[in-house]
Amino acid sequence: MTLTLTIERLAAAGLGLARHEGRIVFLPGVLPGEEVEAEITSVRSDYLQAKPLKILQVHPQRLDPPCPLFLECGGCQLMHAAYPLQFHLKTAAALENLTRRYEIEPQLKPAPSPLFYRARVRLHTGLIGGRLALGFFAASSRRLAPVVYCYQLHPALNEILPVLVEWAAEMTPYRPTPTQLEVLAGPEGFIFVWDLPGQPADGLKKLINNPPEPLNPAQAFFSVRGRLQSGRKPRPEHGLTWLRSAESGFRLLAWPGSFVQVNPLVNEIMVADVVSLVKALRAKRVLDLFCGLGNFTLPLAAGAGQVVGVENNPAALANARLNQKLNRIGNVSFIRRSAAKAVQYLGDQGGRFEVVILDPPRTGARGLAPHLTRLQPEAILYFSCHPAALTRDLAEFSALGFKPADLTVYDMFPQTAHLEVLARLVRG
52 MTLTLTIERL
62 AAAGLGLARH
72 EGRIVFLPGV
82 LPGEEVEAEI
92 TSVRSDYLQA
102 KPLKILQVHP
112 QRLDPPCPLF
122 LECGGCQLMH
132 AAYPLQFHLK
142 TAAALENLTR
152 RYEIEPQLKP
162 APSPLFYRAR
172 VRLHTGLIGG
182 RLALGFFAAS
192 SRRLAPVVYC
202 YQLHPALNEI
212 LPVLVEWAAE
222 MTPYRPTPTQ
232 LEVLAGPEGF
242 IFVWDLPGQP
252 ADGLKKLINN
262 PPEPLNPAQA
272 FFSVRGRLQS
282 GRKPRPEHGL
292 TWLRSAESGF
302 RLLAWPGSFV
312 QVNPLVNEIM
322 VADVVSLVKA
332 LRAKRVLDLF
342 CGLGNFTLPL
352 AAGAGQVVGV
362 ENNPAALANA
372 RLNQKLNRIG
382 NVSFIRRSAA
392 KAVQYLGDQG
402 GRFEVVILDP
412 PRTGARGLAP
422 HLTRLQPEAI
432 LYFSCHPAAL
442 TRDLAEFSAL
452 GFKPADLTVY
462 DMFPQTAHLE
472 VLARLVRG
């Protein structure tokens, strides 16, 4: 069934929203105001899905996407829009409920590099033509779209991508088959972590530990269902520089198994903003939940009396302690517990913190608000990559007297519908 549709606005996930006979229609690769000839691909109880066949009336800021896999691999949703427009559109779509409810105009911080920004990538595997291939999942699917070049990836990652493809192909005969490869690029090279559904046989382990040239065997690791199996203690020579200050000499290393953001330049901006906010509050005690390798915890040490980092991942916590030792920081302590258990424990001990920072996983921090407010913070800095989870959690905080004073949007993921939001909550 072919229709002519007028796109009203951009909705969540970067989809255009149109209407047909009173029903909402979602379709990719379009922009507000465009008139589109489209084909219905799916009929749901409350909406329709369609794909554009021809753009009849073109938005003045539409671009020809440079990537031939656009809308096929599922990695980019907005490459057809000029960068300032795409950032504006996705912010309006993602934060519509938040900005309306709290009557806040968000501050927008664009990415320094809209292309070739991603220093960390997760490549999935699949059999194609009888060989194990690397790529991204196609949009709304588990079908593998093989990739040999990506406009999101840092140039250093694109340079080694063909080598990684051949490395994966060599693993074709082995079981269990790796399900994904995570790669992090840094000034000293790369870190490779293959994830497996079970322990590898000796042949596969040997192949992982001896990557093809020019890859460094010392930077090759594997995990089993997300748990790193390196057997090595974190040492500076095994890590990559993730954050550095030429002014102070401060340096953060990333270790295999630790979470880091995909966009190091935007991460630097976020860290600088947090340090500035905490300094302005003259906080003596700061709590950093979901602290990972110390991305916020350790840079804050110079401007706060005492900083406590909470992390439940043992590999990430070992990484954080390595970074603390490397930078000779004495006023930071770490707790290995889940955020919920740590906050309950600190509250039971009568702990008080002027500032609490939380950067939870995509699922958010449901149920944490009642325990966290026992610590009587003056401000809560909540980072989120999932506006829907953030909206839900802010309702909990608001019910307890903490409401967002401002929202800052960081474009951590240009060309996609995703973004990073900082909500600064204050009492009253």
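All residue numbers for the sequence shown refer to the working numbering, where the first residue is 52 and numbers rise by one.
Think of the CB as a built atom: it goes at the ideal place given N, C-alpha and C, for glycine as much as any other residue.
Just so you know, these numbers come straight off a predicted model, no measurement behind them.
Inter-residue spacing [alpha-carbon to alpha-carbon] between residue i and residue j
i      : j      : result
Gly479 : Ala456 : 10 Å
Asp324 : His131 : 31 Å
Thr424 : Val337 : 14 Å
Asn363 : Gln100 : 41 Å
Ala46  : Leu279 : No information on residue 46 is available, as it lies outside the stretch 52 to 479 that the chain covers here.
Ala430 : Ala420 : 13 Å
Trp218 : Cys127 : 26 Å
Phe187 : Ala196 : 5 Å
Ala189 : Leu56  : 25 Å
Val172 : Ile408 : 26 Å
Glu298 : Asn378 : 14 Å
Gly125 : Lys256 : 31 Å
Ala390 : Ser435 : 15 Å
Gly398 : Glu447 : 18 Å
Glu319 : Phe301 : 13 Å
Option in the options with minimal Cα separation from residue i
i      : options                        : result
Arg475 : Glu298, His469, Ala468, Pro428 : Pro428
Val329 : Pro350, Ile259, Gln312         : Pro350
Gly308 : Val322, Leu368, Ala207         : Leu368
Phe404 : Ala391, Cys436, Leu377, Gln357 : Gln357
Glu85  : Glu154, Pro229, His289, Leu66  : Leu66
Pro83  : Ala143, Lys257, Asn374         : Ala143
His469 : Leu140, Val216, Thr223         : Leu140
Glu154 : Thr228, Leu458, Glu471         : Leu458
Pro103 : Cys118, Leu120, Leu78, Asp115  : Leu78
Val394 : Gly360, Arg413, Asn378, Thr414 : Gly360
Tyr396 : Asp339, Pro411, Thr414, Leu426 : Leu426
Phe341 : His205, Lys392, Val313         : Lys392
Lys31  : Leu303, Ser191, Cys436         : Because the chain is modelled from 52 through 479, residue 31 falls outside the range shown and cannot be assessed.
Asp115 : Glu123, Arg226, Leu129         : Leu129
His437 : Met463, Ser191, Lys454, Ile91  : Met463
Leu316 : Arg169, Ser274, Ala220, Gly345 : Arg169
Glu233 : Leu215, Leu258, Ser192, Leu451 : Leu215
For residue i, the first and last residue of its enclosing alpha helix (DSSP H)
i      : result
Tyr200 : Careful: Tyr200 lies outside any alpha helix (DSSP H) and carries neither H nor E.
Val76  : Counting along the chain, Val76 falls outside any alpha helix (DSSP H), though it belongs to the beta strand (DSSP E) covering 74 to 78.
Thr348 : 348 to 351
Pro103 : That residue, Pro103, is in no alpha helix (DSSP H); its beta strand (DSSP E) goes 98 to 108.
Leu149 : 147 to 153
Ala64  : No alpha helix (DSSP H) contains Ala64, which DSSP labels as neither H nor E.
Arg443 : 438 to 450
Val394 : 390 to 399
8 Å Cβ shell around residue i - same chain, five flanking residues per side excluded
i      : result
Ile267 : Ile is not the amino acid found at residue 267; the sequence shown has Asn there. Here the set comprises Gly240, Phe241.
Asn209 : Phe167, Tyr200, Cys201
Gly181 : Thr223
Tyr98  : Arg74, Ile75, Val76, Phe77
Close Cβ partners of residue i (< 7 Å) along its chain, the five nearest in sequence each way excluded
i      : result
Gln112 : Ala132, Ala133, Leu136
Ala352 : Val358, Ile380, Asn382, Val383
Asn148 : Thr442
Arg372 : Phe385
Gly354 : Val326, Val329, Lys330
N- and C-terminal bounds of the beta strand (DSSP E) containing residue i
i      : result
Ala89  : 86 to 94
Ile408 : 406 to 409
Phe453 : 453 to 461
Phe272 : 271 to 275
Leu166 : Taken as a continuous stretch (DSSP letters only), Leu166 belongs to no beta strand (DSSP E), as it is neither H nor E.
Lys160 : 158 to 160
Ser11  : Residue 11 falls outside the range modelled here, since the chain spans only 52 to 479, and no answer is possible.
Val81  : Premise fails: Val81 is in no beta strand (DSSP E) and is neither H nor E.
Bridge-paired residues (DSSP) for residue i
i      : result
Gly360 : Asp339, Phe385
Arg193 : Its beta-bridge partners do not exist; DSSP assigns none.
Arg182 : Ile179
Asp324 : BP columns for Asp324 are empty, so no partner.
Thr292 : Leu304
Ser299 : According to DSSP, which records beta bridges pairwise, Ser299 is partnered with nothing at all.
Val234 : Val172, Phe243
Thr223 : Paired residues: none, contrary to the question.
Arg70  : Ile75
Contact with chain D by residue i, beta-carbon distance below 8 Å
i      : result
Leu397 : Structure shown: chain D not included; a single protein chain is present.
Beta-carbon proximity list for residue i, same chain, < 6 Å, skipping 5 on both sides
i      : result
Lys105 : Glu88
Gly249 : Pro227
Asn370 : Pro285, Trp306, Ser309, Leu344
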